[in-house]
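For the sequence shown, full-length UniProt numbering assigns the number 1 to the initial residue and increments by one for each residue that follows. Just so you know, even glycine gets a beta-carbon here, dropped at the ideal spot from N, CA and C. Beneath this line is the structure, given in structure tokens, with notes to follow.
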Amino acid sequence: MMNKSDFVAKLAEDAGLKKADAERFLDAFVSNVKELMANGDSLRLVGFGTFEAKERAAKTGVNPATGEKIEIAACKVPSFKPGKGLKEELNK
Numbered sequence: 001m002m003n004k005s006d007f008v009a010k011l012a013e014d015a016g017l018k019k020a021d022a023e024r025f026l027d028a029f030v031s032n033v034k035e036l037m038a039n040g041d042s043l044r045l046v047g048f049g050t051f052e053a054k055e056r057a058a059k060t061g062v063n064p065a066t067g068e069k070i071e072i073a074a075c076k077v078p079s080f081k082p083g084k085g086l087k088e089e090l091n092k
């Protein structure tokens, strides 16, 4: 598995950037995706996929320690749906 610093190094090398510039770009990209999802918007990158926040409905769960039923509140969860191009690339 590649970590952030490894990914920044690869991104910098592939794009011909300094590592600091690649890291700034990656941080800005992640920040903007988070902001879009928090505001209820989505980001579609054709051929790659769509980032969006989905609503998870409230539900009843069980506390594993006590067996007591508990209510789990509705919430938003981040979601990524891969695009056709990404799926095709992975299945070559």
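- Judged by DSSP secondary structure, V33 falls within the alpha helix (DSSP H) whose first and last residues are K19 to A38.
- Contact between the region 24-35 and the region 56-72 is absent: fewer than three C-beta pairs spanning the two stretches fall below 8 Å.
- DSSP, read as helix, strand or coil, puts V77 in strand.
- The Cβ atoms of T50 and R56 lie no closer than 8 Å to each other.
- At a Cβ-Cβ threshold of 8 Å, F48 and L86 count as neighbours.
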